[in-house]
Each structure stands twice: as structure tokens, then as C-alpha cells.
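Chemist: Residue 116 in numbering that gives the first Met the number 0 is what sits at position 117 of the first sequence, and the numbering runs on without skipping anything.
Glycine included, each C-beta is placed from N, C-alpha and C at the ideal position.
Mind having a look at this structure? Questions to follow.
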Amino acid sequence: MPSEVTISLPPNFSFRHTVGSHGWYDLPPFEYSPSRPEMTYVFMPAAGRPPVSVSVKLVRRRLVVTYSADPAENGRVAKGIRHILRLDEPLDEFYRLISSDPQLGWASTAGAGRLLRSENVWEDLVKTICTTNCSWALTKKMVSNLVQKLGEPAADGRKAFPTPRAMADVEADFYRNEIRAGYRSPYLAELAQAVSSGQLDPETWLTSELPTAELRKQLKKVKGVGDYAADNLLKLLGRYDGGLALDSWVRSQFYKKHNRGKACEDKKVIRFYEKFGRWRALAVWCDITEHWFNQDVSRSA
DNA sequence: GCGTCCAGGTCTACC
DNA sequence: GGTAGACCTGGACGC
0 MPSEVTISLP PNFSFRHTVG SHGWYDLPPF EYSPSRPEMT YVFMPAAGRP PVSVSVKLVR
60 RRLVVTYSAD PAENGRVAKG IRHILRLDEP LDEFYRLISS DPQLGWASTA GAGRLLRSEN
120 VWEDLVKTIC TTNCSWALTK KMVSNLVQKL GEPAADGRKA FPTPRAMADV EADFYRNEIR
180 AGYRSPYLAE LAQAVSSGQL DPETWLTSEL PTAELRKQLK KVKGVGDYAA DNLLKLLGRY
240 DGGLALDSWV RSQFYKKHNR GKACEDKKVI RFYEKFGRWR ALAVWCDITE HWFNQDVSRS
300 A
């Protein structure tokens with residue numbers, strides 16, 4: 000008999016805009032199909048307990064989370080889902096700022112703007128490194144390999160993202176030959192060692208009181224994390240006042256939408272979103288992903 | 001089927 | 001601080 004926990008939602012929350020906010024839903028241990036609005040995820044083993052595989056569905060403006068584990072896991076599961084879907088993130092100021100904006104008003108109407116994230120910063124950090132300098136297909140391959148080859152299975156057989164310890168237990172050659180991480184292999188091995196040994200604790204970035212520019216410097220100290228990766232991580236940490244996380248795809252979308260298809264310097268992109276102040280990185284993302292949700296921009300859960 | 005070229009960010013060495 | 005070249009993979013392309 001599966002356990003179940005129900006989670007109430009903030010008024011401006013959209014399930015599909017949050018889960019589908021960026022590509023994370025397409026990477027294990029997430030599973031999601033827009034045509035079947037149910038998200039599954041596997042929480043890592045914790046405190047000697049095995050991974051927990053959860054299924055999340057929207058039922059009458061509430062999230063119903065079912066999982067095959069002891070009901071004593073209710074607290075952890077509910078807290079984890081709130082974190083992943085950013086249910087406690089205050090976006091009222093952002094929505095007020097964009098509500099009358101011709102480009103972004105749709106996002107406040109739709110309840111978009113919450114960017115899906117993993118249960119912890121460690122997982123987001125490794126996945127972000129796997130997005131750099133390669134196609135999305137290769138990112139999927141690397142992350143799938145990590146989960147399949149180093150992740151621990153939950154009761155239903157689905158595997159969690161590997162822990163720092165599990166990743167520290169293998170050599171750089173394993174990442175090169177088995178994960179197909181290429182030149183990122185020594186970066187992943189070094190990162191896993193640092194986190195596993197306690198030398199680096201990415202979770203502290205969530206509550207860091209450092210100014211965003213300083214925190215960005217900290218992130219860039221991790222090998223494999225450059226400008227784009229640091230800015231992407233800052234967004235997942237809830238900091239939207241860093242850089243704009245401009246990669247080739249974001250740039251090409253901007254050129255199409257705002258520059259008659261012609262390439263331009265990043266300075267022009269930055270100027271375009273300046274008016275959104277400390278929300279600029281979130282504004283960029285909402286703007287260039289608008290077409291993903293064009294079929295229905297109502298707050299349809 | 002094979003070889004070549006290219007795109008994709010980051011690192012390091014160098015200026 | 002800015003720049004060039006290397007890193008590695010997989011897809012596209014030509015033969």
C-alpha cells in the first residue's frame with residue numbers, strides 16, 4: 000500500500016509551467032510527459048534509508064504525492080517536493096513588475112517563473128556541468144549514465160541521482176569511458192571528492208549571505224563551471240540578479256525574437272533586459288521560453 | 001562505412 | 001583583462 004501526502008499550493012502556481020520550465024524534467028531521476036501531467040522523481044538515500052521514488056499529480060489545486068515507503072517519510076517527501084517545485088519562493092514582486100509588460104505579462108497570468116530544480120544543489124551542480132559545451136542529447140546521455148551506473152535503486156526499481164560518495168568512489172577514467180563525460184571527467188571526479196570529503200558543501204549556497212557577484216565567484220571556483228554554468232546555477236539558487244546565463248540557444252532565441260534573426264553582441268541582450276533589475280535573469284528565461292507554452296497561457300494548473 | 005568538419009562552454013597559457 | 005588554442009562528443013556531410 001503506497002503512502003500519500005497532500006500539499007496545498009500558492010495561488011499563483013502552475014504545475015505544468017513549473018515542471019516544464021526547463022529541460023530538467025527530461026533528465027533522470029525526473030520523468031514527466033506533458034500529455035500525462037504526472038511527474039515522478041527519486042529522492043537520494045538519506046540517513047541510512049534507501050531512495051524514495053515519488054509520483055506527483057495535481058488534483059483540484061492540490062498536489063497529491065504517492066510513494067512506496069514508510070509514511071514516516073512524509074515530512075521529507077513534502078519538504079523535498081516544496082523545494083523542487085519552489086512552492087515557497089516569493090515571486091509576487093516579479094509578477095507585479097511584469098504584469099503590465101507586453102513581453103512578459105503572460106508569465107504572471109500563467110503563473111510561470113518557478114524553475115524546476117533537483118532535491119539538492121549537488122545534483123543541480125553536476126547536471127549543469129553536464130550541460131556545458133555539448134548537445135542536449137549528450138547531456139541526457141551523461142546524466143542517464145550517472146543515474147543508471149552509480150545511482151541507488153528505490154523500492155520500485157527507479158534509481159536516484161548518485162550521492163557525492165558514490166561518485167567519489169570511481170576514478171576519472173570511469174567518467175570518461177562509462178559516463179562519456181569526455182574532458183569533464185576529471186572535473187566530476189575532483190568535485191565528487193571535494194563534496195564527499197566535506198571540503199566543499201554546495202548546499203550552503205542556498206542560504207549564503209554573500210552578494211550575488213561574490214557567490215558567482217565561489218561557483219566559478221568549481222572546475223567546469225564558467226560564466227554560463229554559474230549564472231544557470233544562480234537561477235536555481237533563486238538569485239536572478241547575476242548574469243543572464245547566455246548560451247548559444249538563448250542567444251539564438253533572442254536574435255529571432257528581438258533582433259530580426261540577426262546576431263548581436265551580448266551587450267545588446269543585457270541592455271534589453273536591464274529594466275527588470277534584480278529579476279533580469281528570470282525575465283530572460285520567461286521571455287525566450289514563452290513559445291513552449293503558447294497553446295494555452297491560462298493558469299491551467 | 002569511413003573520414004572530416006563543426007558546434008557546444010570552459011580551462012590554461014600567454015600577452 | 002582579453003585572446004587563442006585545446007579539450008571531447010556526436011551529428012552532419014561528403015566520398
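In the DSSP assignment, the beta strand (DSSP E) including I83 goes from what residue to what residue?
Modeler: Counting along the chain, I83 falls outside any beta strand (DSSP E), though it belongs to the alpha helix (DSSP H) covering 73 to 83.
Chemist: Whole angstroms is fine: what's the gap from S297's alpha carbon to S117's?
Modeler: Interpretation of S297 is limited by its pLDDT of 37, a score under 50 that renders its predicted location unreliable; the figure taken from the coordinates is listed afterwards. Their Cα atoms are separated by approximately 26 angstroms.
Chemist: Taking all protein chains shown into account, decide if E3 is buried (16 or more other Cβ within 10 angstroms of its Cβ) or exposed.
Modeler: It is exposed - the Cβ of E3 has fewer than 16 other Cβ atoms within 10 Å.
Chemist: Do the stretch 152 to 163 and the stretch 42 to 61 make contact, defined as three or more Cβ pairs closer than 8 angstroms?
Modeler: Yes, the stretch 152 to 163 is in contact with the stretch 42 to 61.
Chemist: Are the CB atoms of S52 and A165 within a distance shorter than 7 angstroms?
Modeler: Not a contact, by the Cβ cut-off of 7 angstroms.
Chemist: What do you reckon, are the CB atoms on H21 and L114 nearer than 7 angstroms?
Modeler: Yes. Within cutoff.
Chemist: Can you check DSSP and say which residues form a bridge with S2?
Modeler: Paired residue(s): Y66.
Chemist: Could you check if T127 is buried or exposed, using at least 16 other CB atoms within 10 Å of its CB as the buried criterion?
Modeler: Its Cβ being crowded by 16 or more others within 10 Å, T127 is buried.
Chemist: Of all the beta strand (DSSP E) runs that stay within the bounds of the stretch 128 to 201, which reach a length of 3 or more residues?
Modeler: Here no run is fully enclosed.
Chemist: Taking Cβ to Cβ, would you say L306 is nearer than 7 angstroms to W284?
Modeler: Within the shown structure, residues of the chain are numbered from 0 to 300, placing residue 306 beyond reach of any answer.
Chemist: Rounded to the nearest angstrom, what separates S299 and P70 at their Cα positions?
Modeler: For S299, the predicted structure reports a pLDDT of 40, less than 50, and the residue's modelled location is therefore unreliable. A value from the coordinates is still provided. One C-alpha to the other measures close to 30 angstroms.
Chemist: Can you tell which of F12, R277, Y186, K234 has the C-alpha that lies nearest to the C-alpha of L62?
Modeler: Cα-wise, what sits closest to L62 is F12.
Chemist: According to DSSP, is Y93 part of a helix, a strand, or is it coil?
Modeler: For the sequence presented, residue 93 should be read as Phe rather than Tyr. Residue state, collapsed to three classes: helix.
Chemist: For S98, does the count of other Cβ atoms within 10 angstroms reach 16, so buried, or fall short, so exposed?
Modeler: Exposed: under 16 other Cβ atoms inside 10 Å.
Chemist: Can you say whether S32 is buried or exposed, counting buried as having 16 or more other CB atoms within 10 angstroms of its CB?
Modeler: When all chains shown are included, S32 counts as exposed.
Chemist: With a threshold of 16 other CB atoms inside 10 Å of the CB of F292, please say whether the residue is buried or exposed.
Modeler: Flag for F292 reads buried.
Chemist: Report the start-end ranges of each alpha helix (DSSP H) in the stretch 9 to 53 that is 4 residues or longer and not cut off at the edges.
Modeler: Qualifying alpha helix (DSSP H) stretches, in chain order: 14 to 18.
Chemist: With distances taken Cα to Cα, identify the nearest neighbour of N132 among L96, I287, A180, Q147.
Modeler: For the residues L96, I287, A180, Q147, the minimum Cα distance to N132 belongs to A180.
Chemist: Distance check for V268 and E72, CA to CA, integer angstroms please.
Modeler: Computed Cα separation, rounded: 45 angstroms.
Chemist: Let me make sure I understand the geometry here. Which of G223, L281, A136 has the alpha-carbon closest to that of L305?
Modeler: Lying before the first or after the last residue shown, residue 305 is absent from the chain, which here runs from 0 to 300.
Chemist: Our contact map puts D25 next to K139 with C-beta atoms below 8 angstroms; I'd like the distance itself, whole angstroms only.
Modeler: So it is a contact: roughly 7 angstroms between Cβ atoms.
Chemist: Which residues does DSSP pair with R61 in a beta bridge?
Modeler: In DSSP, R61 forms a bridge with S7, V58.
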